[in-house]
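Below is one structure; the comments refer to it alone.
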Amino acid sequence: MATSVEDFKHSTGAGGAKAIVNNEPTGGSSTHNPKAFDFTDGLHPVEEITVWVADGSGNYHNRKLIKALKVKYRNNGETTDKIGNETGTSYTFTFDKGDKVESLVLWTGDRVDRIELKVANRKDSWIHGGTDTSDGKGGTAHEQELGNGILLGFKGKADDNELLSLGAIFQENADVRTTS
325 MATSVEDFKH STGAGGAKAI VNNEPTGGSS THNPKAFDFT DGLHPVEEIT
375 VWVADGSGNY HNRKLIKALK VKYRNNGETT DKIGNETGTS YTFTFDKGDK
425 VESLVLWTGD RVDRIELKVA NRKDSWIHGG TDTSDGKGGT AHEQELGNGI
475 LLGFKGKADD NELLSLGAIF QENADVRTTS
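Going by my numbering, the sequence shown opens with residue 325, and the numbers climb by one from there.
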């Protein structure tokens, strides 16, 4: 598993303590062995995000959810983290070197429904997951605090079926390393 931002903060002392913006995970919980995750690799930025989207399980069978998440870091491709059930259709977003997130909205209810990502200087947004927001489906939009726009990773919980909760982790200060 990757080096956590928490490890980086402890190894660099007080100066490193302000290096991140930690968005608290939003979503639900599960009684089916939920697993907490904290995907970061020190202060290496995220290079690639992959999500798997399919119908939910159990009471959520009638809507599309984010089933799994994989994160690759900009550290010569040496570190990749993944969690969840890799079923359904996969969608991948690759960051170019120096890309900064302009907007990140996580739609959650009892599960992680959708991710909406907009990167500065790119025309199209990357939106994947459920799109039905009628009748209380599709969750609630949670705009993530972006820091300086450099995405470092995600944290949350997942069970054997899908992602339960999710929050993003960003660099806070512009003077911190953005590439390896």
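All C-beta atoms in this analysis are idealised placements derived from N, C-alpha and C, irrespective of residue type, glycine included.
Close beta carbons around residue i, own chain, < 8 Å, minus the five adjacent residues each side
| i | result |
| --- | --- |
| G352 | T432, G433, D434, R435, L488, S489 |
| V370 | V395, K396, Y397, R398, F419, L475, L476, G477 |
| H356 | D483, D484, N485 |
| R446 | D423 |
| G453 | V375, V377, K388, L389, I390, W431, V436, D437, R438, I439 |
| A444 | D423, K424, V425, E426, G473 |
| T455 | K388, R438, G462 |
Own chain, CB closer than 6 Å to residue i, minus 5 neighbours either side, in chain order
| i | result |
| --- | --- |
| D448 | none |
| I451 | E440 |
| Q468 | N347, L428, A492 |
| N386 | none |
| A378 | K391, T411, G412 |
Nearest-angstrom beta carbon gap, residue j and residue i [assumed within contact, 8 Å]
| i | j | result |
| --- | --- | --- |
| E372 | T403 | Not a contact, Cβ separation roughly 11 Å. |
| K481 | K359 | 7 Å |
| V345 | E496 | 5 Å |
| E486 | S414 | That pair is no contact at about 14 Å. |
Start-to-end residues for the beta strand (DSSP E) that takes in residue i
| i | result |
| --- | --- |
| N346 | 344-346 |
| G491 | 487-495 |
| T364 | Taken as a continuous stretch (DSSP letters only), T364 belongs to no beta strand (DSSP E), as it is neither H nor E. |
| Y397 | 388-397 |
| D484 | No beta strand (DSSP E) holds D484; DSSP gives it neither H nor E. |
Residues near residue i by beta carbon distance below 7 Å, same chain, minus five either side
| i | result |
| --- | --- |
| H334 | Reliability fails at H334, whose pLDDT of 33 lies under 50, so the model's placement of it is uncertain and no value is given. |
| L393 | V375, K406, I407, G408, F478, L487 |
message = With three or more beta-carbon pairs closer than 8 Å as the criterion, would you say the stretch 459-474 touches the stretch 404-415?
response = At 8 Å Cβ cutoff, the stretches do not touch.
inquiry  = Quick check for students: name the residue ranges of the beta strand (DSSP E) that lie wholly in the stretch 401-476, counting only runs of 3 or more.
reply    = Counting whole runs of 3 or more residues, the stretch 401-476 contains the beta strand (DSSP E) stretches 404-408, 413-418, 425-432, 436-443, 450-453, 464-467.
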